[in-house]
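For the protein sequence lines, the chains are A and B, in the order given. Numbered according to UniProt numbering, the first sequence spans residues 1 to 232. Numbered according to UniProt numbering, the second sequence spans residues 1 to 243. The block underneath contains the structure these notes are about, expressed in structure tokens.
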Amino acid sequence: MQPRTSVAGLGPALLATLRRDLTVALRRRGDLVNPPAFFALVITLFPLGISPVPEQLAAIAPGLLWVAALLATQLSLDALFRSDHEDGSLEQLLLAPQPLAALVLAKVAVHWLLTGLPLALMAPLLGLLLSLPSGSYGVLAASLALGSATLGLIGAIGAALTVGLARGSVLLSLLVLPLTIPVLIFGSGAVQAAAMGGDVAPALAMLGAQLALALMLAPWAIAGALRISIHG
Amino acid sequence: MWDVVHRLGSPRTFYTIAGRWQPWLWALAALLLGTGSVWALLFAPADYQQGDSFRILYVHVPAAILAQSCFVLMAVAGAIFLVWRIKLADMVATVIAPFGAAMTGVALFSGSVWGVPTWGTWWVWDARLTSMLIQLFLYLGVIALRGAFASRDGGARAASLLTLVGVINIPIIKYSVDWWNTLHQPATFTLTQRPAMPAEMWLPLAVMVLGFYAYFVALTLTRTRSEILRREGRKRWVLELGS
């Protein structure tokens, strides 16, 4: 039997999801500024709270930058599926004939493009404020770019699990933060190694391995979590 | 085989069978824990370096082992519930979660108390302590997520999924915390490099570990039975029990 309506292939569906999410996000520019602004503000607080001495700041800069960036990515996670859930388009996504795991991957990719990547590009500037040793700026940006993609994938599982809950955002941090620890360890480890003139390849390779693993497994978990949240 | 699984999976059959085993398991747990405690506290020789404070080991190690195996068991129950929708599996997972969290707490607390005489401090950022602390947060997340859902089935499925995600992550977290620790500081304190224990020290430990497991099984059976009564309270067979 011939299907009555032709179903779009996976490629066009992915492109449509990417384009839609990018358009929606770019029309709410105010929200886009939040994570970078939070990142910059938190980094400004540390010299005030600890000490303005450059040597002291430089010693802890890799960890500070990574922790602040990690918290900044958490900030935008709650919104990942929430507005789609409120206007009903999330249910349409679940009903689509294409595999849900692929479609959510497109959503997470847009999220990374608009939060993870800006944070990674901004981090060297903030590193300058904390007098991070020269030579580690490239590694800082690269580790954040790699790591924030993994953070987005892990965080999306938590966001999908809590999307149907009224006060999900508080719970979200409790669920997601413990799972992000490996990313934090290897991310700040890479920057520390670079600051001390060591070999950065192992830590960056581990970040890449984590991203590969997350890319492979997380979409299924996100799709399963969305189904649980929507159908109860 | 499936027939057996289905019959055991029915809350009513489980309630009856568990009720029959329960007194024996409690007796076994009491016997093992009693023997183990007396043996460990009174008769086992004191450690030549740590003196009597090493006896905390007999509570600390069983609790830590149990805390870890509870999470794995919870994940197995969660997977069974997600795939086959056997409600009993979720009841077991519900019951295990607070117990596992409590055991993690006991392991952390007894470790801290032990740390004061041996290391001179309540807390060090040692790889094992750190991953235990993270595991406590994972337990709390699972419990909180289950409680946050209005519908019991939704909460059960969400908690099961989170447990599965957690159990995949635990080895990664453990590995990376080990890596982090070697990166930051050389191992100042290790528990592993002590000389091999003589038999009169580890035999009571084995009895204690078995005793903790027996206690865990007995408690899980008892609490699962009351969970069954709570959830199936409107079923006819439960009402007939009360009449």
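Glycine is no exception: its CB is placed at the ideal position from the N, C-alpha and C atoms. Computed from a predicted model, the values in this text were never measured in an experiment.
Length of the line joining the Cα atoms of residue i and residue j
{"i": "residue 169/A", "j": "residue 37/A", "result": "19 Å"}
{"i": "residue 237/A", "j": "residue 102/A", "result": "This structure cannot speak to residue 237/A, because chain A is shown only from 1 to 232."}
{"i": "residue 116/A", "j": "residue 53/B", "result": "49 Å"}
{"i": "residue 198/B", "j": "residue 50/B", "result": "15 Å"}
{"i": "residue 43/A", "j": "residue 26/A", "result": "26 Å"}
{"i": "residue 217/A", "j": "residue 36/B", "result": "44 Å"}
{"i": "residue 230/A", "j": "residue 137/A", "result": "43 Å"}
{"i": "residue 122/B", "j": "residue 11/A", "result": "56 Å"}
{"i": "residue 224/B", "j": "residue 91/B", "result": "6 Å"}
{"i": "residue 156/A", "j": "residue 26/B", "result": "43 Å"}
{"i": "residue 40/A", "j": "residue 58/A", "result": "16 Å"}
{"i": "residue 186/A", "j": "residue 210/B", "result": "38 Å"}
{"i": "residue 71/B", "j": "residue 167/B", "result": "7 Å"}
{"i": "residue 233/B", "j": "residue 202/B", "result": "46 Å"}
{"i": "residue 33/B", "j": "residue 204/B", "result": "10 Å"}
{"i": "residue 58/B", "j": "residue 114/B", "result": "11 Å"}
{"i": "residue 95/A", "j": "residue 216/B", "result": "44 Å"}
{"i": "residue 127/A", "j": "residue 45/A", "result": "14 Å"}
{"i": "residue 236/B", "j": "residue 230/B", "result": "13 Å"}
{"i": "residue 128/B", "j": "residue 88/B", "result": "33 Å"}
CB of residue i within 8 Å of CB of residue j, strictly
{"i": "residue 206/B", "j": "residue 28/B", "result": "no"}
{"i": "residue 80/A", "j": "residue 159/A", "result": "yes"}
{"i": "residue 198/A", "j": "residue 85/A", "result": "no"}
{"i": "residue 143/B", "j": "residue 101/B", "result": "yes"}
{"i": "residue 104/B", "j": "residue 136/B", "result": "yes"}
{"i": "residue 77/A", "j": "residue 176/A", "result": "yes"}
{"i": "residue 153/A", "j": "residue 214/A", "result": "yes"}
{"i": "residue 178/A", "j": "residue 141/B", "result": "yes"}
{"i": "residue 96/B", "j": "residue 73/B", "result": "yes"}
{"i": "residue 223/A", "j": "residue 100/A", "result": "yes"}
{"i": "residue 171/A", "j": "residue 162/A", "result": "yes"}
{"i": "residue 32/A", "j": "residue 114/A", "result": "yes"}
{"i": "residue 112/B", "j": "residue 174/B", "result": "no"}
{"i": "residue 119/A", "j": "residue 144/A", "result": "yes"}
{"i": "residue 60/B", "j": "residue 30/B", "result": "no"}
{"i": "residue 226/A", "j": "residue 109/A", "result": "no"}
{"i": "residue 200/B", "j": "residue 45/B", "result": "yes"}
{"i": "residue 7/A", "j": "residue 124/A", "result": "no"}
Residue environment, residue i, which counts as buried when at least 16 other CB atoms sit within 10 Å
{"i": "residue 212/A", "result": "exposed"}
{"i": "residue 17/B", "result": "exposed"}
{"i": "residue 203/A", "result": "buried"}
{"i": "residue 84/B", "result": "exposed"}
{"i": "residue 111/A", "result": "buried"}
{"i": "residue 28/A", "result": "exposed"}
{"i": "residue 23/B", "result": "exposed"}
{"i": "residue 41/B", "result": "exposed"}
{"i": "residue 170/B", "result": "buried"}
{"i": "residue 208/B", "result": "buried"}
8 Å Cβ cut-off: residues of chain A touching residue i
{"i": "residue 137/B", "result": "174, 177, 178"}
{"i": "residue 108/B", "result": "Chain A residues near residue 108/B: none, gap ~15 Å exceeds 8 Å."}
Interface partners of residue i on chain B, CB under 7 Å
{"i": "residue 50/A", "result": "Residues of chain B passing the Cβ test: none, with the nearest at roughly 19 Å."}
{"i": "residue 224/A", "result": "161"}
{"i": "residue 182/A", "result": "172, 173, 176"}
{"i": "residue 186/A", "result": "176"}
Cross-chain neighbours of residue i in chain A, by beta carbon under 9 Å
{"i": "residue 154/B", "result": "164, 228, 229, 231, 232"}
{"i": "residue 199/B", "result": "In chain order: nothing, as chain A lies at least about 39 Å away."}
Partner residues on chain B for residue i, Cβ-Cβ distance less than 8 Å
{"i": "residue 161/A", "result": "145, 158, 161, 162"}
{"i": "residue 146/A", "result": "Per Cβ cutoff of 8 Å: no residues; residue 146/A is ~15 Å from chain B at best."}
Partner residues on chain A for residue i, Cβ-Cβ distance less than 7 Å
{"i": "residue 75/B", "result": "The premise fails here: residue 75/B is roughly 13 Å from chain A at the closest Cβ pair, so nothing lies under 7 Å."}
{"i": "residue 134/B", "result": "178, 181"}
{"i": "residue 148/B", "result": "165, 171"}
Heavy atom of the ligand HEM within 7 Å of residue i beta-carbon
{"i": "residue 220/B", "result": "Looking at this structure, you won't find the ligand HEM or any other ligand, since it has none at all."}
Notebook entry, point to check: Hey, is the region 186 to 193 of chain A in contact with the region 53 to 72 of chain A, meaning 3+ C-beta pairs nearer than 8 Å?
Noted result: yes
Notebook entry, point to check: How do the region 147 to 162 of chain B and the region 57 to 70 of chain B stand: do at least 3 beta-carbon pairs fall below 8 Å, yes or no?
Noted result: no
Note to self: Could you check whether the region 94 to 109 of chain A touches the region 131 to 145 of chain A, counting it as contact only if at least three pairs of C-beta atoms, one from each stretch, sit closer than 8 Å?
What the structure shows: no
Item checked: Sufficient close CB pairs (3 or more, under 8 Å) joining the region 223 to 241 of chain B to the region 115 to 131 of chain B -> no
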